[in-house]
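Colleague: This structure is in structure tokens; I'll ask about it shortly.
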Amino acid sequence: MITCGIDVGLENIKVLLLKDDQISARACGRSGGAGRSAAAKALWNDVLKSAELSASDVSKTVATGRGRKDVTFADFCVTEPIADAKAALRIYPKAVSVMDIGADQVRVIPLSEKNGTSQPAFNQKCSAGLGTLLRYMSMRLEMTLDDIGACAHNPAGGVTVNDGCIVFAELDALELLNQNTGREDVACAIIEAVVVRLNAILHDKTAPPKEGVVLIGGVAKNAAVVSGLKTRSGIDFIVPNHAEYGGALGAALLAAEN
Amino acid sequence: MNNQIWETRPLEIWERAKELRAKWQKSIDESAASENALLAHGNAGRLDWSVGFTGLNIIEDNPVGAMLANKSDEFSRKCRMAAEIRGWGRELCGYVNNCWGSMFLGRQSDGSEFPMREMSVPFPDPCDQHTKRGQQCMDLSPIPRWGSDFTMYLGPRDPEREKAMIEHKVYCTLHVINEIERVFGREFDDEKLIAAIGLRPQIEIYAREITQLMTNIPSPIGQKDLNSFYTVGMLTKVDPEETLDFWRSLRDEIKWRVDNKIAAVGTERYRWMEAHPSPWHYLKYYRYMEKYGAVCIGSQYTHMMAGTLELKEDGRLGPTDEPRLPKDRSIRTREDALRATMLQARIPCGFKADEYFRVTAITDFAKGFHVNGAIMPLWRGGVGCTLTRKEQALRLNEIGVNTLHYEGSQPGDRTDMDEHHFLDQLDMWMENQGLRMLD
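Going line by line, the protein sequences match chains A and B. The opening residue of the first sequence carries number 0 in numbering that gives the first Met the number 0; numbering runs sequentially from there. The opening residue of the second sequence carries number 0 in numbering that gives the first Met the number 0; numbering runs sequentially from there.
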């Protein structure tokens with residue numbers, strides 16, 4: 000059986016195909032703003048083409064993410080925590096919690112044996128858009144996201160930016176650049192600000208477990224953020240390869256179950 | 000999952016409630032315009048003695064600010080800007096900035112003249128907004144202002160301290176009454192005050208019955224209904240006898256609805272509570288939640304007319320065992336009557352009190368109403384509404400109640416409201432609990 004999971008995020012769309020419970024194809028593309036529905040359809044077609052499949056070969060398609068309702072060809076939609084939880088338990092069956100850091104939203108979802116998830120914590124406004132901040136800053140600093148991810152997360156010389164608001168953080172970064180602060184140091188300061196906010200969300204309801212926490216979402220690909228968050232939280236995160244496909248994987252698994 | 004469908008229908012008492020509200024508004028406008036009537040700014044819920052002055056009406060900033068936010072975001076923004084350019088900003092809540100801004104602009108949202116106050120009787124409060132309230136309306140006119148202390152304290156229960164505070168409050172109030180008589184040449188009618196004292200506990204009994212009736216499944220009315228009623232007789236005062244009759248009729252209709260299984264939400268399968276004031280600028284989110292078959296049964300705030308409640312051994316919510324009227328002597332004098340009103344008002348409503356009210360009372364409330372979830376906004380400014388909200392959420396989580404926080408400026412200020420994020424969060428929260436939107 001072939002199923003498909005589509006995660007339509009604020010910035011990126013992720014499509015993943017499962018064939019007989021194994022990942023057979025995946026692709027990521029820009030979410031396309033006002034053309035999000037068309038972008039999802041186009042990416043879906045691309046994945047099918049690369050896998051040499053037709054739409055009729057796919058038994059079921061499930062959409063998740065902020066733009067899930069734009070996937071008009073999906074059989075049904077699920078909200079992100081449901082998909083995240085499903086993916087986390089697939090990635091690490093003994094997982095007790097999953098954290099998903101996307102362009103826009105951050106979620107921490109404790110996993111319960113009873114019904115899969117319990118009491119998720121979401122970012123509040125000041126921690127919205129952390130992933131988007133990293134992308135904006137990469138453009139501002141003329142660095143790639145990979146370059147930023149390669150930075151040490153401790154900035155040299157005590158360079159800091161605002162860690163309460165990404166708008167102020169970006170303005171602080173601009174001011175630092177105007178003061179001839181090195182762009183790597185500015186990048187480190189940005190990462191530290193992101194890490195501070197993430198750690199606050201991790202501790203939003205209760206102290207998080209130190210083991211068995213799966214980290215997914217596009218920002219989980221940023222090594223500097225992950226390293227900084229491990230240091231600050233003391234959590235030894237389980238970070239899968241292709242962490243940005245976590246939501247899509249969960250959706251595809253749910254499609255296979257239903 | 001309960002898939003039962005109940006009959007639902009509008010309340011018959013709506014028209015009467017609207018009439019009462021319109022009557023209150025008319026009394027306020029007439030008081031401002033008439034030379035025979037007086038309009039006072041103050042905290043209406045704590046100025047029960049005002050019935051002793053014929054023609055004295057009380058208006059409070061909170062309901063005015065809330066109504067402004069509800070009726071027109073455009074106008075309430077203008078109001079807040081009018082307040083801001085006079086030096087008032089985020090240190091004051093949206094209610095106050097809406098109300099003061101309307102006063103500074105000199106008009107209400109419908110274009111009518113702002114009813115200027117002729118005196119101000121604010122009270123100090125843990126929420127500093129309440130304390131500051133008298134300032135601008137006094138400075139603008141100018142008008143006389145008298146402080147009216149609030150009988151509450153933080154920390155463990157201390158009857159001796161309460162006794163001293165009540166006596167202090169009684170003599171403060173005697174002074175205010177004497178001053179109004181002196182400045183405005185009005186005579187205070189002790190008999191009217193004494194007669195009114197007996198009515199408040201009766202209103203409370205009806206309100207408490209309504210609260211208890213709402214613990215039934217399905218709930219006969221929801222928070223959106225209750226929002227329209229809970230101020231009647233408290234923040235929006237009309238004739239006490241008429242108020243009492245209204246609450247009696249409301250109780251009768253709600254009891255009939257319970258007896259006949261008439262539901263607020265016909266698809267009720269999920270019950271949720273709020274923490275204190277609603278976002279007046281975004282009341283439509285109750286309707287959004289109804290798409291999941293979710294009914295909001297209210298908050299401690301909207302059930303405050305029912306008095307202080309606790310969970311009894313039978314699992315039902317009932318009144319605390321505090322004496323509400325002095326039992327050891329009859330009420331003969333103004334001083335007796337004032338002491339009685341202070342005693343009635345002594346027990347603070349939940350959001351302004353100490354550990355019992357912050358933590359235990361909210362879990363009692365959740366258990367009594369059989370709620371599944373609680374939505375607890377984190378307001379950035381004002382009215383003390385956010386105090387302990389996260390602590391309460393943890394206590395609710397411990398008894399199995401799911402909680403959701405969202406951020407905003409204040410119940411009377413839409414500035415920080417992010418509708419798309421908010422609705423997205425609601426979807427995730429509900430689905431995470433196994434509920435999907437009904438067809």
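Glycine is no exception: its CB is placed at the ideal position from the N, C-alpha and C atoms.
Check whether the segment 272-283 of chain B touches the segment 291-298 of chain B, counting contact only when three or more Cβ pairs, one atom from each stretch, lie closer than 8 Å.
Modeller: Yes, the segment 272-283 of chain B touches the segment 291-298 of chain B.
Colleague: Interface residues of chain A around GLN107 of chain B at Cβ under 7 Å?
Modeller: As a position in the second sequence, residue 107 of chain B is number 108, starting the count at 1. Those within 7 Å of GLN107 of chain B in chain A number zero; the least Cβ separation is about 32 Å.
Colleague: By the 10 Å Cβ neighbour count, where 16 or more other Cβ atoms means buried, how is ILE361 of chain B classified, buried or exposed?
Modeller: Mapped onto the second sequence, residue 361 of chain B falls at position 362. Counting Cβ neighbours within 10 Å, ILE361 of chain B comes out buried, since at least 16 surround it.
Colleague: Going residue by residue through the segment 167-246 of chain B, where are the continuous alpha helix (DSSP H) segments of at least 4 residues, counting only ones entirely within it?
Modeller: With a minimum length of 4 residues, the continuous alpha helix (DSSP H) runs that stay inside the segment 167-246 of chain B are 189-196, 198-212 and 222-228.
Colleague: Can you give me the Cβ contacts of VAL7 of chain A inside the same chain, cut-off strictly under 7 Å, excluding the 5 residues immediately before and after it?
Modeller: Residue mapping note: residue 7 of chain A aligns to position 8 of the first sequence, counting from 1. Cβ within range, chain order: SER30, ARG35, ALA39, ALA62, GLY64, ARG65, GLY66, ARG67, ASP69 and VAL70.
Colleague: Can you list the residues of chain B that ARG196 of chain A reaches, using a CB-CB cut of under 7 Å?
Modeller: Locating residue 196 of chain A in the first sequence gives position 197, counting from the first residue. None at all; the shortest Cβ gap to chain B is about 14 Å.
Colleague: Tell whether a beta-carbon distance below 8 Å holds between LEU262 of chain A and LEU88 of chain A.
Modeller: Residue 262 of chain A cannot be examined here, being either before or after the span of chain A that is shown, 0 to 257.
Colleague: With DSSP collapsed to three states, give me the class of ASN177 of chain A.
Modeller: Within the first sequence, residue 177 of chain A is the residue found at index 178, counting from 1. If DSSP states are grouped into helix, strand and coil, ASN177 of chain A belongs with the helices.
Colleague: Can you check which of these residues, B:GLN424, B:ASN2, B:GLY433 and B:ASP335, is closest to GLU452 of chain B by C-alpha distance?
Modeller: With chain B covering 0 to 438 only, the question about residue 452 of chain B has no answer from this structure.
Colleague: Would THR78 of chain A count as contacting chain B if we go by Cβ distances under 8 Å?
Modeller: Here residue 78 of chain A refers to the residue found at position 79 when the first sequence is read from its first residue. It does: the Cβ of THR78 of chain A has a partner Cβ on chain B nearer than 8 Å.
Colleague: Just the C-alpha distance for ALA31 of chain B and ASP47 of chain B, rounded to the nearest angstrom, thanks.
Modeller: For the purposes of this step, residue 31 of chain B is identified with residue 32 of the second sequence, where counting begins at 1. For the purposes of this step, residue 47 of chain B is identified with residue 48 of the second sequence, where counting begins at 1. Roughly 20 Å between the two C-alpha positions.
Colleague: Where does the unbroken alpha helix (DSSP H) through GLY148 of chain A begin, and where does it stop?
Modeller: Here the question's residue 148 of chain A lines up with position 149 in the first sequence. Unbroken alpha helix (DSSP H) run through GLY148 of chain A: 144-148.
Colleague: Select from A:SER23, A:ALA255, A:LEU201 and A:GLN21 the residue whose C-alpha is nearest the C-alpha of VAL212 of chain A.
Modeller: Position 213 of the first sequence, counting from 1, holds the residue named residue 212 of chain A. Selected option, being the one with the closest Cα: A:LEU201.
Colleague: If we cut at 8 Å on Cβ distances, does ILE165 of chain A have a partner in chain B?
Modeller: The residue you call residue 165 of chain A lines up with position 166 of the first sequence. It does not: the Cβ of ILE165 of chain A has no partner Cβ on chain B nearer than 8 Å.
Colleague: Which same chain residues, not among the five before or five after ASP412 of chain B, have their C-beta less than 6 Å away from its C-beta?
Modeller: Residue mapping note: residue 412 of chain B aligns to position 413 of the second sequence, counting from 1. For ASP412 of chain B, where only same-chain residues beyond five positions count, the Cβ hits under 6 Å are GLY93.
Colleague: Under a three-way DSSP split, which group does LEU259 of chain B fall into?
Modeller: Translated into positions along the second sequence, residue 259 of chain B becomes position 260. The identity of residue 259 of chain B in the sequence shown is Asn, whereas the question assumes Leu. In this structure, ASN259 of chain B counts as coil in the three-state DSSP scheme.
Colleague: Using CA atoms only, rank isn't needed, just tell me which of B:MET303, B:ARG160, B:GLY184 and B:GLN432 is closest to GLY44 of chain B.
Modeller: What you label residue 44 of chain B is simply residue 45 of the second sequence in a count that begins at 1. When only C-alpha atoms are compared, the closest one is B:MET303.
Colleague: Could you have a look at ARG106 of chain A and say whether DSSP puts it in helix, strand or coil?
Modeller: As a working mapping, residue 106 of chain A is identified with position 107 in the first sequence. Reduced to three states, the DSSP call for ARG106 of chain A is strand.
Colleague: Using DSSP's beta-bridge definition, name the partner residues of GLU397 of chain B.
Modeller: Residue 397 of chain B sits at position 398 when you count from the first residue of the second sequence. DSSP, once it has assigned bridges, lists no residue as partnering GLU397 of chain B.
Colleague: Is ARG65 of chain A close to chain B? Criterion is C-beta to C-beta, closer than 8 Å.
Modeller: Here the question's residue 65 of chain A lines up with position 66 in the first sequence. Yes, contact with chain B.
Colleague: Can we say the segment 239-256 of chain A touches the segment 74-88 of chain A, given the rule of at least three CB pairs closer than 8 Å?
Modeller: Touching, yes, given that three or more Cβ pairs across the two stretches are closer than 8 Å.
Colleague: I'd like to check one pair, PRO217 of chain B with VAL264 of chain B: are the Cβ atoms closer than 8 Å?
Modeller: Within the second sequence, residue 264 of chain B is the residue found at index 265, counting from 1. Within the second sequence, residue 217 of chain B is the residue found at index 218, counting from 1. Yes; because the gap between Cβ atoms is below 8 Å, this pair is in contact.
Colleague: When the cut-off is 8 Å and only beta carbons count, does GLN123 of chain A lie next to chain B?
Modeller: The sequence position of residue 123 of chain A within the first sequence is 124, counting from 1. So yes, GLN123 of chain A belongs to the interface.
Colleague: Can you confirm whether the segment 247-257 of chain B touches the segment 365-384 of chain B when touching is taken to mean that 3 or more C-beta pairs between the two stretches lie within less than 8 Å?
Modeller: With a cut-off of 8 Å, the segment 247-257 of chain B and the segment 365-384 of chain B do not count as touching, because too few Cβ pairs lie within range.
Colleague: Under 8 Å, Cβ to Cβ, is there at least one residue of chain A near GLU430 of chain B?
Modeller: Taking the first residue of the second sequence as 1, we reach residue 430 of chain B at position 431. By this cut-off, GLU430 of chain B is an interface position.
Colleague: According to a CB-to-CB cut-off of less than 9 Å, which residues of the segment 6-24 of chain A neighbour chain B?
Modeller: Taking 9 Å as the Cβ-Cβ cut-off against chain B, none of the residues of the segment 6-24 of chain A qualify.
Colleague: For the segment 71-102 of chain A, list every residue whose C-beta sits within 8 Å of some C-beta in chain B, in sequence order.
Modeller: Hits within the stretch, in order: VAL77, THR78, GLU79, PRO80 and ILE81.
Colleague: Residues of chain A with CB under 8 Å from LEU377 of chain B, in chain order?
Modeller: Mapped onto the second sequence, residue 377 of chain B falls at position 378. Correct list: GLN123.
Colleague: Looking only at its chain, what residues have a beta carbon closer than 7 Å to the beta carbon of ILE234 of chain A, apart from the 5 residues adjacent to it on each side?
Modeller: On the first sequence, residue 234 of chain A is found 235 positions in, with the first residue counted as 1. These residues qualify, in order along the chain: PRO207, LYS209 and VAL212.
Colleague: Under the three-state reduction of DSSP, which class applies to ALA206 of chain A: helix, strand or coil?
Modeller: Here residue 206 of chain A refers to the residue found at position 207 of the first sequence. Coil.
Colleague: Unbroken alpha helix (DSSP H) runs of length 4 or more, entirely within the segment 190-235 of chain A: which are they?
Modeller: Here the runs fully enclosed are 222-232.
Colleague: From which residue to which residue does the beta strand (DSSP E) around ARG270 of chain B run?
Modeller: In the second sequence, residue 270 of chain B corresponds to position 271, counting from 1. Start and end: 269-273.
Colleague: Could you pull out every residue in the same chain whose Cβ sits closer than 7 Å to the Cβ of ILE90 of chain A, ignoring the five residues on either side in sequence?
Modeller: In the first sequence, counting from the first residue as 1, residue 90 of chain A sits at position 91. Counting only Cβ-Cβ distances below 7 Å, and skipping sequence neighbours, we find VAL213, ILE237 and PRO239.
Colleague: From ARG182 of chain A to ARG76 of chain B, what does the alpha carbon distance come to, in whole angstroms?
Modeller: In the first sequence, counting from the first residue as 1, residue 182 of chain A sits at position 183. In the second sequence, counting from the first residue as 1, residue 76 of chain B sits at position 77. For ARG182 of chain A and ARG76 of chain B, the distance between alpha carbons rounds to 41 Å.
Colleague: In whole angstroms, give me the CA-to-CA distance for ILE147 of chain A and GLU169 of chain A.
Modeller: Within the first sequence, numbered from 1, the residue matching residue 147 of chain A stands at position 148. Within the first sequence, numbered from 1, the residue matching residue 169 of chain A stands at position 170. ILE147 of chain A and GLU169 of chain A: Cα-Cα distance of roughly 15 Å.
Colleague: State the Cα-Cα distance for the pair TRP145 of chain B and ILE330 of chain B, rounded to the nearest angstrom.
Modeller: Translated into positions along the second sequence, residue 145 of chain B becomes position 146. Translated into positions along the second sequence, residue 330 of chain B becomes position 331. Each residue's alpha carbon lies about 26 Å from the other.
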